[in-house]
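Notes to accompany the following structure.
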Amino acid sequence: MHRFKDLEIWKRSRTFCSEIYSVTASFPDSEKFGLTNQLRRASISVPSNIAEGCSRKSNKEFSRFLEIAIGSMYELETQLLISNDMQFISNKNSELLLKKLDSIVKMTSKFKSTLR
23 MHRFKDLEIW
33 KRSRTFCSEI
43 YSVTASFPDS
53 EKFGLTNQLR
63 RASISVPSNI
73 AEGCSRKSNK
83 EFSRFLEIAI
93 GSMYELETQL
103 LISNDMQFIS
113 NKNSELLLKK
123 LDSIVKMTSK
133 FKSTLR
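Heads up: the sequence shown is residues 23 to 138, going by the working numbering.
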(Lines of atoms letter the chains of each structure in order from A; the text may use other names.)
(Lines give C-alpha, C1' and ligand atoms only; values in the text may rest on other atoms or scores of the structure.)
Protein backbone atom coordinates (compact mmCIF):
# COMPACT_ATOMS: atom_id res chain seq x y z
CA MET A 23 0.00 0.00 0.00
CA HIS A 24 1.10 3.54 -0.78
CA ARG A 25 0.56 6.63 1.30
CA PHE A 26 -1.40 8.88 -1.05
CA LYS A 27 -0.48 12.07 0.80
CA ASP A 28 3.17 11.39 -0.03
CA LEU A 29 2.57 10.96 -3.78
CA GLU A 30 3.48 13.93 -5.95
CA ILE A 31 0.73 13.01 -8.43
CA TRP A 32 -1.85 13.30 -5.66
CA LYS A 33 -0.43 16.62 -4.43
CA ARG A 34 -0.40 18.14 -7.91
CA SER A 35 -3.84 16.88 -8.83
CA ARG A 36 -5.23 18.28 -5.58
CA THR A 37 -3.72 21.69 -6.34
CA PHE A 38 -5.04 21.47 -9.89
CA CYS A 39 -8.52 20.79 -8.51
CA SER A 40 -8.35 24.04 -6.53
CA GLU A 41 -7.31 25.89 -9.67
CA ILE A 42 -10.29 24.48 -11.56
CA TYR A 43 -12.61 25.71 -8.81
CA SER A 44 -11.07 29.18 -9.04
CA VAL A 45 -11.32 29.34 -12.82
CA THR A 46 -14.90 28.07 -12.98
CA ALA A 47 -16.05 30.60 -10.37
CA SER A 48 -16.15 33.18 -13.17
CA PHE A 49 -18.12 31.00 -15.60
CA PRO A 50 -21.62 32.22 -16.49
CA ASP A 51 -24.44 31.22 -14.14
CA SER A 52 -26.04 29.38 -17.04
CA GLU A 53 -23.11 26.92 -16.86
CA LYS A 54 -23.62 26.11 -13.18
CA PHE A 55 -25.00 22.66 -14.07
CA GLY A 56 -23.01 22.37 -17.29
CA LEU A 57 -19.29 22.88 -17.79
CA THR A 58 -18.74 24.29 -14.30
CA ASN A 59 -20.15 21.16 -12.69
CA GLN A 60 -18.44 18.81 -15.16
CA LEU A 61 -15.02 20.41 -14.70
CA ARG A 62 -15.30 20.41 -10.94
CA ARG A 63 -16.47 16.82 -10.73
CA ALA A 64 -13.75 15.56 -13.07
CA SER A 65 -11.07 17.51 -11.20
CA ILE A 66 -12.21 16.05 -7.86
CA SER A 67 -12.19 12.58 -9.38
CA VAL A 68 -8.46 12.67 -10.11
CA PRO A 69 -6.98 12.96 -6.58
CA SER A 70 -9.90 10.95 -5.19
CA ASN A 71 -9.15 7.96 -7.42
CA ILE A 72 -5.44 8.18 -6.66
CA ALA A 73 -6.22 8.15 -2.94
CA GLU A 74 -8.73 5.31 -3.25
CA GLY A 75 -6.29 3.28 -5.32
CA CYS A 76 -3.69 3.60 -2.59
CA SER A 77 -5.95 1.67 -0.24
CA ARG A 78 -5.97 -1.37 -2.53
CA LYS A 79 -3.93 -4.39 -1.64
CA SER A 80 -2.43 -5.09 -5.05
CA ASN A 81 -0.60 -3.00 -7.59
CA LYS A 82 -2.99 -4.31 -10.24
CA GLU A 83 -5.95 -2.83 -8.37
CA PHE A 84 -4.08 0.42 -7.72
CA SER A 85 -3.17 0.59 -11.41
CA ARG A 86 -6.87 0.39 -12.33
CA PHE A 87 -7.65 3.44 -10.18
CA LEU A 88 -4.80 5.31 -11.82
CA GLU A 89 -6.36 4.46 -15.20
CA ILE A 90 -9.64 5.96 -14.01
CA ALA A 91 -7.79 9.08 -12.81
CA ILE A 92 -6.10 9.41 -16.21
CA GLY A 93 -9.50 9.06 -17.88
CA SER A 94 -10.78 11.94 -15.76
CA MET A 95 -7.76 13.98 -16.81
CA TYR A 96 -8.65 13.47 -20.47
CA GLU A 97 -12.21 14.53 -19.67
CA LEU A 98 -10.76 17.67 -18.09
CA GLU A 99 -8.67 18.36 -21.17
CA THR A 100 -11.73 18.16 -23.40
CA GLN A 101 -13.81 20.32 -21.07
CA LEU A 102 -11.06 22.95 -20.84
CA LEU A 103 -10.81 23.09 -24.63
CA ILE A 104 -14.58 23.54 -24.90
CA SER A 105 -14.49 26.21 -22.18
CA ASN A 106 -11.88 28.04 -24.21
CA ASP A 107 -13.94 27.61 -27.40
CA MET A 108 -16.92 29.14 -25.57
CA GLN A 109 -14.63 31.97 -24.34
CA PHE A 110 -15.29 31.16 -20.69
CA ILE A 111 -11.53 31.08 -20.13
CA SER A 112 -8.80 32.97 -21.93
CA ASN A 113 -6.31 31.36 -24.29
CA LYS A 114 -3.55 32.13 -21.79
CA ASN A 115 -5.37 30.47 -18.85
CA SER A 116 -6.38 27.55 -21.03
CA GLU A 117 -2.80 26.95 -22.18
CA LEU A 118 -1.48 27.19 -18.62
CA LEU A 119 -4.05 24.74 -17.26
CA LEU A 120 -3.58 22.31 -20.15
CA LYS A 121 0.19 22.37 -19.64
CA LYS A 122 -0.19 21.59 -15.93
CA LEU A 123 -2.70 18.86 -16.71
CA ASP A 124 -0.39 17.30 -19.30
CA SER A 125 2.37 17.20 -16.71
CA ILE A 126 0.11 15.39 -14.25
CA VAL A 127 -0.97 12.90 -16.94
CA LYS A 128 2.65 12.12 -17.79
CA MET A 129 3.66 11.75 -14.14
CA THR A 130 0.70 9.48 -13.44
CA SER A 131 1.35 7.33 -16.52
CA LYS A 132 5.02 6.97 -15.59
CA PHE A 133 4.15 6.09 -11.99
CA LYS A 134 1.56 3.57 -13.20
CA SER A 135 4.19 1.87 -15.36
CA THR A 136 6.32 1.22 -12.26
CA LEU A 137 3.52 -0.76 -10.61
CA ARG A 138 3.67 -3.73 -12.99
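Don't be surprised by glycine CBs; every beta carbon is placed ideally from N, CA and C.
Could you give the residue range of the alpha helix (DSSP H) that holds residue i?
{"i": "glycine 75", "result": "57-76"}
{"i": "methionine 129", "result": "113-135"}
{"i": "serine 52", "result": "Premise fails: serine 52 is in no alpha helix (DSSP H) and is neither H nor E."}
What does the alpha-carbon distance come out to for the pair residue i and residue j?
{"i": "phenylalanine 55", "j": "methionine 129", "result": "31 Å"}
{"i": "serine 44", "j": "serine 94", "result": "19 Å"}
{"i": "leucine 98", "j": "serine 116", "result": "11 Å"}
{"i": "glutamate 30", "j": "glutamine 101", "result": "24 Å"}
Thinking C-beta only, is residue j closer than 9 Å to residue i?
{"i": "phenylalanine 26", "j": "valine 68", "result": "no"}
{"i": "isoleucine 72", "j": "phenylalanine 87", "result": "yes"}
{"i": "lysine 122", "j": "glutamate 53", "result": "no"}
{"i": "leucine 137", "j": "lysine 82", "result": "yes"}
Within 10 Å of its beta-carbon, does residue i have 16 or more other beta-carbons around it, so buried, or fewer, so exposed?
{"i": "glutamine 109", "result": "exposed"}
{"i": "alanine 91", "result": "buried"}
{"i": "arginine 34", "result": "buried"}
{"i": "lysine 114", "result": "exposed"}
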